[in-house]
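Peer 1: Residue numbers (my numbering): 1 to 274. Using N, Cα and C, we set each Cβ at its ideal position, and we do this for glycine too. Computed from a predicted structure; not experimentally measured. One structure follows; several queries about it will come next.
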């Protein structure tokens, strides 16, 4: 049964990590509803994010390779206006706000249902505003270093449970005038170093707990199942969302987030012990 749970949590993590609806929120609510206390721990669900990291690496392998080659060429040629260099620097500086705030405030806000509900509704309103206000005149090749800084600050908001890392970065990108697909693409690339560092940190903690015999003997197998499931559904979520945003808007996610937050608040009001 635990392996089935690990696989299902991988599905939830993979799908919701890249859709702008908050993986943290869905994993927390999902595990609370079904009472999965062991696998619902933050360390486990953070560790299976390795699958999401792998999905980004595989899906964007060609783009990442071109960016690195272009960045190296820019250094050799001292061409600081080169497109690849500006995108790489934007990703680097955009990663810092999330890492710094995560290090300083990671235990400040509890992952509670009321916070998730309110954050989900607030981010739905912001995403809707971005859809209305954003000019959507700039593509991926028009990214600047300042975009990385500003979207990075948007990513830092994802420290609040229910905000959604992909949701906050996509929303910021739309406010900055990026096309929907370009904003989502940059969101995924910006999330790569952040997810990698955060996942490695959690994996190291799990490894130490495993050595100290604080975890069940089958934790390695459960992690493998969760990571594989996360990888498969993360890859599918990236592909589907990018294709969807080429021709469609983000209102479906606005309405979903509003409904999600509202249902949680109604459940709490009727006596659900969140």
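According to DSSP, is residue 176 part of a helix, a strand, or is it coil?
Peer 2: Sequence index remark: in the chain shown, residue 176 carries index 176 (1-based). In this structure, residue 176 counts as coil in the three-state DSSP scheme.
Peer 1: As an exercise, report each continuous beta strand (DSSP E) stretch of at least 3 residues that is fully enclosed by the region 18-85, in chain order.
Peer 2: List check, beta strand (DSSP E) in window: nothing returned.
Peer 1: By Cβ distance, which residues of its chain are closer than 7 Å to residue 223, with the 5 residues on each side in sequence left out?
Peer 2: The sequence position of residue 223 within the chain shown is 223, counting from 1. Answer for residue 223: 47, 48, listed in chain order.
Peer 1: With distances taken Cα to Cα, identify the nearest neighbour of residue 52 among 145, 200, 93.
Peer 2: Numbered from its first residue, the chain shown carries residue 52 at position 52. Here the closest residue by C-alpha is 200.
Peer 1: Helix, strand or coil for residue 136 per DSSP?
Peer 2: Here residue 136 refers to the residue found at position 136 of the chain shown. Residue state, collapsed to three classes: coil.
Peer 1: My guess is that residue 260 and residue 21 are in contact by the Cβ rule of under 8 Å, so how many angstroms apart are they, rounded?
Peer 2: Position 260 of the chain shown, counting from 1, holds the residue named residue 260. Position 21 of the chain shown, counting from 1, holds the residue named residue 21. Confirmed, Cβ separation roughly 7 Å.
Peer 1: Taking 8 Å as the CB-CB cut-off, is residue 198 touching chain B?
Peer 2: No chain B is present in this structure, which holds just one protein chain.
Peer 1: In this structure, does DSSP put residue 272 in helix, strand or coil?
Peer 2: Walking along the chain shown from the start, residue 272 turns up at place 272. Looking at residue 272 - three-state DSSP - the assignment turns out to be coil, as it is neither helix nor strand.
Peer 1: Among 4, 11, 92, which has the Cα closest to the Cα of residue 306?
Peer 2: The requested residue 306 does not occur in the structure, where the chain is confined to residues 1 to 274.
Peer 1: Pick helix, strand or coil for residue 281, following the three-state DSSP scheme.
Peer 2: As displayed, the chain neither begins before 1 nor continues past 274, which places residue 281 out of reach and without an answer.
Peer 1: Distance check for residue 75 and residue 135, CA to CA, integer angstroms please.
Peer 2: Translated into the one-based positions of the chain shown, residue 135 becomes position 135. Translated into the one-based positions of the chain shown, residue 75 becomes position 75. Looking at the two C-alpha atoms, the distance is approximately 33 Å.
Peer 1: Contact check, residue 97 vs residue 152 under 8 Å by CB: the rounded distance?
Peer 2: The residue labelled residue 97 in the question sits at position 97 within the chain shown. The residue labelled residue 152 in the question sits at position 152 within the chain shown. Correct: roughly 5 Å between the Cβ atoms.
Peer 1: Relative to the C-alpha of residue 91, which candidate in 147, 128, 36 has its C-alpha closest?
Peer 2: As a first step, residue 91 is located in the chain shown; it is residue number 91 there, counting from the start. The residue with the shortest Cα to Cα distance from residue 91 is 147.
Peer 1: Report all residues from its chain with a CB closer than 8 Å to the CB of residue 225; omit the five preceding and five following residues, and keep chain order.
Peer 2: The residue given as residue 225 occupies position 225 in the chain shown. Counting only Cβ-Cβ distances below 8 Å, and skipping sequence neighbours, we find 3, 6, 7, 10.
Peer 1: What did DSSP end up calling residue 144 once you bin it into helix, strand or coil?
Peer 2: In the chain shown, the residue the question calls residue 144 occupies position 144. If DSSP states are grouped into helix, strand and coil, residue 144 belongs with coil.
Peer 1: Going by C-alpha distance, which of 34, 196, 181 is nearest residue 244?
Peer 2: For the purposes of this step, residue 244 is identified with residue 244 of the chain shown, where counting begins at 1. Of the listed residues, the one whose Cα sits closest to residue 244 is 181.
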